Structures are given as C-alpha cells and as structure tokens.
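The opening residue of the sequence shown carries number 402 in the numbering used here; numbering runs sequentially from there.
Virtual Cβ for every residue (Gly too), placed ideally from N, Cα, C.
Because the structure is a prediction, the values reported are computed rather than measured.
One structure is given below, encoded as structure tokens.
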Amino acid sequence: MPTWLISQIIITVFIVYLWKMIYDRKLWTSGFPFGRKHMLQLTWLLFFPVSWFFALVVFGLIYMYFTSETNQNIWYFVVWIPSVLFIVLVLVYIVLYLKRKRKDQDIESKITYKRAECIEWIKRFTFLSENNTKLQISISTGNPVGKIIISQITEEEERRLIPYEEDLPEGISLFVIR
Numbered sequence: 402m403p404t405w406l407i408s409q410i411i412i413t414v415f416i417v418y419l420w421k422m423i424y425d426r427k428l429w430t431s432g433f434p435f436g437r438k439h440m441l442q443l444t445w446l447l448f449f450p451v452s453w454f455f456a457l458v459v460f461g462l463i464y465m466y467f468t469s470e471t472n473q474n475i476w477y478f479v480v481w482i483p484s485v486l487f488i489v490l491v492l493v494y495i496v497l498y499l500k501r502k503r504k505d506q507d508i509e510s511k512i513t514y515k516r517a518e519c520i521e522w523i524k525r526f527t528f529l530s531e532n533n534t535k536l537q538i539s540i541s542t543g544n545p546v547g548k549i550i551i552s553q554i555t556e557e558e559e560r561r562l563i564p565y566e567e568d569l570p571e572g573i574s575l576f577v578i579r
C-alpha cells in the first residue's frame, strides 16, 4: 500500500476521532450558540468535511514537495479527489439552501395570501377595525390555518357576524370575545 494512501487514511481516522471527541464531550457548549441537534449537523456535515479537505490537501502538497514524485496518480489522489469532493459538498449545500429558501418563500406567500383573504373578510364590516381584531395565521401540515379574534363588540354586532362566519377563508376560525 502506498505511503500517501496510508497517510490519508490515518489523517481521516484522526479527524473523525477528533470531531467525535469534540461532539461527545460537548466542547461547543462553552462558547457556541448552537443546540445539540444543530451541533450534530454542523459537526458531521460541515466541520468534519472542511477540516478533512484542508488536512488532506495540505498533507498532499507537503508530501509531493518533500518526495518530489511526479507520478500522476499521486497528484489525483492527494489533491484533485479531495478538491472534487469538497466542490461537490459545496454544491450540495447550495442546492439544499436554495430548496429551503424556496420552501420558506412558498410558506410566506401562502400566509400572505390567506392574510389578505382575512382582511377582505374583515373589511366587510364597518364596526371592525385594527383595534378590535387580531389575526393569527400559521402553517399546519403545509396548509395555512388561523383565527380571527374579535373583541370589544356588542351583542348585536356579534349577531351580524354569525351568518358570515361560513364565508371565512378555509382553515380560518372566528373567535368573539366580549
């Protein structure tokens, strides 16, 4: 087995052990503002690959400099393969970020649309204003749900609201507090 391959395996085992020890001993709690779940993801999906990449590339360049080997296979395994893996990792992170951003925008647009429908429903009544209505909308199982809380109205105004409760947008409930 070539020396550079043994060295890369040793570096990989060392870095895996290092990050496992850091994670197991919870060394991030002293200064990092991350929780356990986020730290697990950061450790194995970001810190480990980045440190592994830099260690292998630095070792590879030092190894090639001191051994002055011109074998093309060593160049591939020592520099190019870790670099390609790192680029693939960066591209995966970019794709995941864009998917998450698109999903967040979709959720925000659903909430905005449902909020506009509710405001249209509220504007039907002259006795309702921002002072006596509260609108709460969230996403539950991919669909916007919410409630309109109406306070400080008379019994007569409440009776006028009841027939129009069926016209509320889907997933929205009406609560009247006197």
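Reduced DSSP category for Lys427 - H, G, I as helix; E, B as strand; rest coil: What you label residue 427 is simply residue 26 of the sequence shown in a count that begins at 1. Lys427 sits in coil when the DSSP states are folded into three classes, being neither helix nor strand.
Whole-number beta carbon distance between Ile573 and Ile549, since they are thought to touch under 8 Å: Start at 1 with the first residue of the sequence shown, and residue 549 comes out as number 148. Start at 1 with the first residue of the sequence shown, and residue 573 comes out as number 172. That pair is a contact at about 6 Å.
Three-state secondary structure (DSSP) of Pro545: Here residue 545 refers to the residue found at position 144 when the sequence shown is read from its first residue. Assignment of Pro545 by DSSP, reduced to helix, strand and coil, places it in the strand class.
Bridge-paired residues (DSSP) for Leu575: As a first step, residue 575 is located in the sequence shown; it is residue number 174 there, counting from the start. Ile549.
Buried/exposed call for Ile463, threshold 16 Cβ in 10 Å: Position 62 of the sequence shown, counted from the first residue, corresponds to residue 463. Label assigned to Ile463: exposed.
Given Val459 as reference, the closest of Leu575, Trp445 and Pro483 once Cα atoms are compared: What you label residue 459 is simply residue 58 of the sequence shown in a count that begins at 1. Looking at the Cα atoms, Pro483 is the closest of the given residues.
Simplified DSSP assignment, three categories, for Thr534: In the sequence shown, counting from the first residue as 1, residue 534 sits at position 133. For Thr534, the three-state secondary structure derived from DSSP is strand.
Backbone CA spacing between Glu518 and Leu499 [nearest angstrom]: Position 117 of the sequence shown holds residue 518. Position 98 of the sequence shown holds residue 499. Our two residues, Glu518 and Leu499, have alpha carbons roughly 29 Å apart in a direct line.
Identity of the residues DSSP links to Ser484 by a beta bridge: In the sequence shown, residue 484 corresponds to position 83, counting from 1. In the DSSP assignment, Ser484 is bridged to no other residue.
Distance, Ala456 Cα to Ile412 Cα: Position 11 of the sequence shown holds residue 412. Position 55 of the sequence shown holds residue 456. Per the coordinates, the alpha-carbon of Ile412 lies some 7 Å from the alpha-carbon of Ala456.
C-alpha distance - Lys511 paired with Ile416, whole-angstrom precision: Here residue 511 refers to the residue found at position 110 when the sequence shown is read from its first residue. Here residue 416 refers to the residue found at position 15 when the sequence shown is read from its first residue. Rounded to whole angstroms, Lys511 to Ile416 spans 44 Å at the Cα level.
Thr554 (DSSP reduced to helix, strand or coil): Looking up residue 554 in the sequence shown gives position 153. Correcting the residue type first, residue 554 is Ile in the shown sequence and not Thr. Ile554 falls in the coil class under three-state DSSP.
Local Cβ density within 10 Å of Gln553, reported as buried at 16 or more and exposed below that: Position 152 of the sequence shown holds residue 553. Gln553 should be labelled exposed.
Ile523 and Thr534 closer than 7 Å at C-beta: Here residue 523 is taken as the residue at index 122 of the sequence shown, counted from 1. Here residue 534 is taken as the residue at index 133 of the sequence shown, counted from 1. In contact: Ile523 and Thr534 (Cβ atoms closer than 7 Å).
Thr468: first and last residue of the uninterrupted alpha helix (DSSP H) it sits in: In the sequence shown, residue 468 corresponds to position 67, counting from 1. Looking at the DSSP string, the run of the alpha helix (DSSP H) that includes Thr468 is Phe449 to Thr468.
Sequence-distant residues of its chain with Cβ nearer than 8 Å to Pro545 (five each side left out): As a working note, residue 545 is residue 144 in the sequence shown. Excluding sequence neighbours, Pro545 sits near Lys511, Ile512, Tyr514, Lys515, Ile538, Ser539 and Gly572.
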